[in-house]
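The next block holds one structure in the form of structure tokens; read it before the comments.
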Amino acid sequence: MGQTTELNVGRIVSPEAENTPARPMPPMAKGSTPKRWKKPLLITLGIVLLIGLVVGGIVWSKRGVVAVQTGKVQKQDLSSIVTASGEIKPPDQDFASVNANSFGKITEILVKEGDHVKKGQLLMRTEDVQQTAGVEAQQAALITAQADRAASEAAVQSAAAALKTAEADLAQAQARFNQTKDDYARGEQLFKDELIAKQAFDQRLSDYQVAQASLQSAQARVSQAKAQYQQAVYNRDMAKARIAQNRAQLLGQKDALAKTIYTSPLDGIVTSLPVHVGENVVPGIQNQVGSQLFQVSDLSIITAEVKVDETDIINVKLGQPAEVLIDAIPNKTFTAHVTELGQSAIGRTSGQTTSSSSTPTEEAKDFLVVVTLDKPPSGMRPGLSATAKITTATRKDAITIPIQALTIRTHGELEAEKKKKNTKGAALAAESPLTEKEKEKAKEEVQGVFVIKNGRAAFQPVATGIMGTTDIEVLKGVKAGEEIVTGSYQVLRTLKSDTKIKVDNTPSGPANQSAS
467 MGQTTELNVG RIVSPEAENT PARPMPPMAK GSTPKRWKKP LLITLGIVLL IGLVVGGIVW
527 SKRGVVAVQT GKVQKQDLSS IVTASGEIKP PDQDFASVNA NSFGKITEIL VKEGDHVKKG
587 QLLMRTEDVQ QTAGVEAQQA ALITAQADRA ASEAAVQSAA AALKTAEADL AQAQARFNQT
647 KDDYARGEQL FKDELIAKQA FDQRLSDYQV AQASLQSAQA RVSQAKAQYQ QAVYNRDMAK
707 ARIAQNRAQL LGQKDALAKT IYTSPLDGIV TSLPVHVGEN VVPGIQNQVG SQLFQVSDLS
767 IITAEVKVDE TDIINVKLGQ PAEVLIDAIP NKTFTAHVTE LGQSAIGRTS GQTTSSSSTP
827 TEEAKDFLVV VTLDKPPSGM RPGLSATAKI TTATRKDAIT IPIQALTIRT HGELEAEKKK
887 KNTKGAALAA ESPLTEKEKE KAKEEVQGVF VIKNGRAAFQ PVATGIMGTT DIEVLKGVKA
947 GEEIVTGSYQ VLRTLKSDTK IKVDNTPSGP ANQSAS
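For the sequence shown, our numbering gives the first residue as 467, with consecutive numbering after it.
In structure tokens, the structure reads:
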């Protein structure tokens, strides 16, 4: 056999190693390779690559999926309720707030708050010294005027009698004058015929002249008597006028005196008595009300006066049922019904009606609505805070959806989504400009819900009816049992039709996030 020599190229061999005999190498197996570590590495790389492909496929498959909250379209009884706040107040005809009628000091209070009183019962007095003096002085003036009238009536009767006498004297003087006139005329003819003496003729002439003067004097006396009679009548009429004037003034003085006495305007309970004896009170002037003295209320009928928002008042009608909650009586509900509807809007902050405001405002407005309690509890007081829940409409077995599921889209948005879906995978054709009518239609809003079909959300227009507390009636568009998207609010604002969805109805689920 030939000798084999091993060359150690590039090896540094220590002296000791040089003297150590070389260890023989084991024989190599047929077909083996000296790099065994490569096989496990390749296996590991293959597994990692496979896992990456699976994860990438999952991520790719979930691209564009939106997590949503869902609910079912249900069939149930539904009621539309308008809630409004206000206060307990008896009807206007059963409630009276009495204010001061005159200046003065309260001298007497005959009741206390909570007392039952009858209509006309004396409750309070204020000082009446000046009013009483005014009544007495006016009564004296009226008596004087009545005495003057009696005297003037007597003067009228006397003047009438004097006129009659003067008229009688005038008649007598007229007769004498007529007689002497005739005698004078005959005497004048006889004297011309020289049938009577000159002395007899002169006597007839003298009698005629005297009778004529007497007639004139009688006529003057009649005229004077007439004037005196007219003056007496005038004086009598003035006396009558003074009596009427004094009676009117006396009535005013008695009214002023009566205003110092305050009686109950109705049967009821004294529900407010904010004054005390010795307090000065003043009447109302111009637009300012006078000092409030007391309130009397008939609490056999109790109403709640509430303020309904202007957006809800159109649905409120007379006779509609209501439930009233009174803060002073917790955990108890009282049945009621609507009995009055306000016709004028009231500013929520200003408290003025629209008719009393000279300039329009942009503030929110309310309308007063009165509901009458069917069976009012005892111990009620005007002014207690109350809340009325008025049932404006009811539906039996109505198709309903949660209110938050209802969303709005425009015609333009829906058409754009529809075109995008129809042209998916194909080039978009050039669109002609929209006409003005088409632009207006594109801006029109459509209400609807997103119905879940085959894992995707499809926008479905709906027609709605009455609205309850949490649900709203659907007249057409969806059927009972269909699953719809109910949240979140942010998702519903941006959700598009035909979007893939993932249902996450857990209370804390990230339904408002979209998976990337």
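Here a beta-carbon is modelled for each residue, glycine too, at the ideal position from N, C-alpha and C.
Here the structure is a predicted model, which means the values were calculated and not measured.
**OP:** Out of A811, T838, K886, D775, point me to the one whose CA is closest to A802's CA.
**Re:** On the sequence shown, residue 802 is found 336 positions in, with the first residue counted as 1. Closest option to A802, Cα to Cα, is T838.
**OP:** Mind listing, in chain order, the continuous alpha helix (DSSP H) runs of no fewer than 4 residues lying wholly within the segment 916 to 964?
**Re:** 955 to 960
**OP:** Give the straight-line distance between the Cα atoms of K538 and P868, rounded to the nearest whole angstrom.
**Re:** Taking the first residue of the sequence shown as 1, we reach residue 538 at position 72. Taking the first residue of the sequence shown as 1, we reach residue 868 at position 402. Whole-angstrom Cα-Cα distance: 9 Å.
Original post:
Can you tell which of V915, I792, I547 has its C-alpha closest to the C-alpha of R875?
Top reply: Here residue 875 is taken as the residue at index 409 of the sequence shown, counted from 1. If we check each option's Cα against that of R875, V915 comes out closest.
Original post:
Thinking C-beta only, is S963 closer than 8 Å to F925?
Top reply: The count along the sequence shown starts at 1 and reaches residue 925 at position 459. The count along the sequence shown starts at 1 and reaches residue 963 at position 497. Yes, Cβ-Cβ distance for F925 and S963 is below 8 Å.
Original post:
Alpha carbon to alpha carbon, how far is R708 from G718?
Top reply: Taking the first residue of the sequence shown as 1, we reach residue 708 at position 242. Taking the first residue of the sequence shown as 1, we reach residue 718 at position 252. About 15 Å.
Original post:
Would R702 pass as a contact of V622 if the rule is Cβ separation under 8 Å?
Top reply: Mapped onto the sequence shown, residue 702 falls at position 236. Mapped onto the sequence shown, residue 622 falls at position 156. In contact: R702 and V622 (Cβ atoms closer than 8 Å).
**OP:** In the DSSP assignment, find the unbroken beta strand (DSSP E) run with I874 in it and report its ends.
**Re:** Numbered from its first residue, the sequence shown carries residue 874 at position 408. Membership of I874 in the beta strand (DSSP E) is indicated by the continuous run 873 to 876.
**OP:** Pull up the CB-CB distance for T726 and S563, whole angstroms please, since I reckon it's below 8 Å.
**Re:** For the purposes of this step, residue 726 is identified with residue 260 of the sequence shown, where counting begins at 1. For the purposes of this step, residue 563 is identified with residue 97 of the sequence shown, where counting begins at 1. That belief does not hold up - the Cβ atoms of T726 and S563 are roughly 19 Å apart, past 8 Å.
Original post:
Near P973, what residues of its chain come up, given a Cβ to Cβ distance below 7 Å and the 5 sequence neighbours on each side ignored?
Top reply: The residue labelled residue 973 in the question sits at position 507 within the sequence shown. Taken in chain order, the list of residues that qualify is empty.
Original post:
In whole angstroms, what separates the C-alpha of I932 from that of E776?
Top reply: As a working mapping, residue 932 is identified with position 466 in the sequence shown. As a working mapping, residue 776 is identified with position 310 in the sequence shown. I932 and E776: Cα-Cα distance of roughly 17 Å.
Original post:
Can the beta-carbon of F643 be found closer than 8 Å to that of A666?
Top reply: Numbered from its first residue, the sequence shown carries residue 643 at position 177. Numbered from its first residue, the sequence shown carries residue 666 at position 200. Between F643 and A666, the C-beta spacing is not below 8 Å.
**OP:** Flag this pair as yes or no: are the beta carbons of V548 and V782 separated by less than 8 Å?
**Re:** Counting from one through the sequence shown, the residue named residue 548 turns up at place 82. Counting from one through the sequence shown, the residue named residue 782 turns up at place 316. Yes, the Cβ-Cβ distance between V548 and V782 is below 8 Å.
Original post:
Any idea if Q645 is buried or exposed, counting beta-carbon neighbours within 10 angstroms, 16 or more meaning buried?
Top reply: Working through the sequence shown from its first residue, we reach residue 645 at position 179. Classification of Q645: exposed, given that the 10 Å Cβ count is below 16.
Original post:
DSSP three-state call for Q752: helix, strand or coil?
Top reply: Taking the sequence shown and counting its residues from 1, the one referred to as residue 752 is at position 286. Correct three-state label for Q752: coil.
Subject >> Counterpart residues of A550 in DSSP-defined beta bridges >> reply: Start at 1 with the first residue of the sequence shown, and residue 550 comes out as number 84. A550 pairs with A854.
**OP:** For the alpha helix (DSSP H) containing G718, list its first residue and its last residue.
**Re:** On the sequence shown, position 252 is the one that residue 718 refers to. Its alpha helix (DSSP H) spans residues 664 to 724.
**OP:** For the beta strand (DSSP E) containing V790, list its first residue and its last residue.
**Re:** Taking the sequence shown and counting its residues from 1, the one referred to as residue 790 is at position 324. Here the beta strand (DSSP E) through V790 covers 787 to 792.
Original post:
Taking buried to mean at least 16 other C-beta atoms within 10 Å of its own C-beta, is L739 buried or exposed?
Top reply: By one-based count along the sequence shown, residue 739 stands at place 273. Under this definition L739 is a buried residue.
Original post:
Which same chain residues, not among the five before or five after S680, have their C-beta less than 8 Å away from its C-beta?
Top reply: Counted from its first residue, the sequence shown places residue 680 at position 214. Excluding sequence neighbours, S680 sits near A639, R642, F643.
Subject >> 7 Å Cβ shell around A566 - same chain, five flanking residues per side excluded >> reply: Numbered from its first residue, the sequence shown carries residue 566 at position 100. Cβ within range, chain order: V747, V748, P749, G756, S757, L759.
Original post:
When DSSP labels each residue in this structure, what does R814 get in the three-state scheme?
Top reply: Your numbering for residue 814 matches position 348 in the sequence shown. Correct three-state label for R814: coil.
Subject >> Pair within 8 Å by beta-carbon distance, D560 and L834 >> reply: The residue labelled residue 560 in the question sits at position 94 within the sequence shown. The residue labelled residue 834 in the question sits at position 368 within the sequence shown. No, the Cβ-Cβ distance between D560 and L834 is not below 8 Å.
Original post:
What's the C-alpha gap between V532 and E911?
Top reply: Counting from one through the sequence shown, the residue named residue 532 turns up at place 66. Counting from one through the sequence shown, the residue named residue 911 turns up at place 445. Near 24 Å, if we compare the C-alpha coordinates of E911 and V532.
Original post:
What do you get for D937, buried or exposed, if any count of 16 or more other CB atoms within 10 angstroms of its CB means buried?
Top reply: Locating residue 937 in the sequence shown gives position 471, counting from the first residue. Taking all protein chains shown into account, D937 has 16 or more neighbouring C-beta atoms within 10 Å of its C-beta and is therefore buried.
Subject >> Helix, strand or coil at S730 according to DSSP, with G and I counted as helix >> reply: The residue labelled residue 730 in the question sits at position 264 within the sequence shown. When secondary structure is reduced to three states using DSSP, S730 falls in the coil class, being assigned neither helix nor strand.
Subject >> Through-space distance from F800 to I524, alpha-carbon basis >> reply: Working through the sequence shown from its first residue, we reach residue 524 at position 58. Working through the sequence shown from its first residue, we reach residue 800 at position 334. The pLDDT assigned to I524 is 49, lower than 50, so where the model puts this residue is not dependable, and the model offers no usable value.
Subject >> For L636, the first and last residue of its enclosing alpha helix (DSSP H) >> reply: Here residue 636 corresponds to residue number 170 of the sequence shown, with the count starting at 1. 595 to 658 is the extent of the alpha helix (DSSP H) around L636.
Original post:
For V969, which three-state DSSP category applies?
Top reply: Taking the sequence shown and counting its residues from 1, one reaches residue 969 at position 503. Note: V969 maps to strand in three-state DSSP.
Subject >> Proximity of K798 and G813 at Cβ, strictly below 8 Å >> reply: Taking the sequence shown and counting its residues from 1, the one referred to as residue 798 is at position 332. Taking the sequence shown and counting its residues from 1, the one referred to as residue 813 is at position 347. Against a cut-off of 8 Å, the Cβ pair of G813 and K798 comes out as no contact.
Original post:
Taking the beta strand (DSSP E) that K831 falls in, what are its first and last residues?
Top reply: Counting from one through the sequence shown, the residue named residue 831 turns up at place 365. For K831, the uninterrupted beta strand (DSSP E) segment begins and ends at 831 to 839.
**OP:** Label D594 either buried or exposed according to how many other C-beta atoms from any shown protein chain fall within 10 Å of its C-beta, with 16 as the threshold for buried.
**Re:** Counted from its first residue, the sequence shown places residue 594 at position 128. By the neighbour-count rule (16 or more Cβ atoms within 10 Å), D594 is buried.
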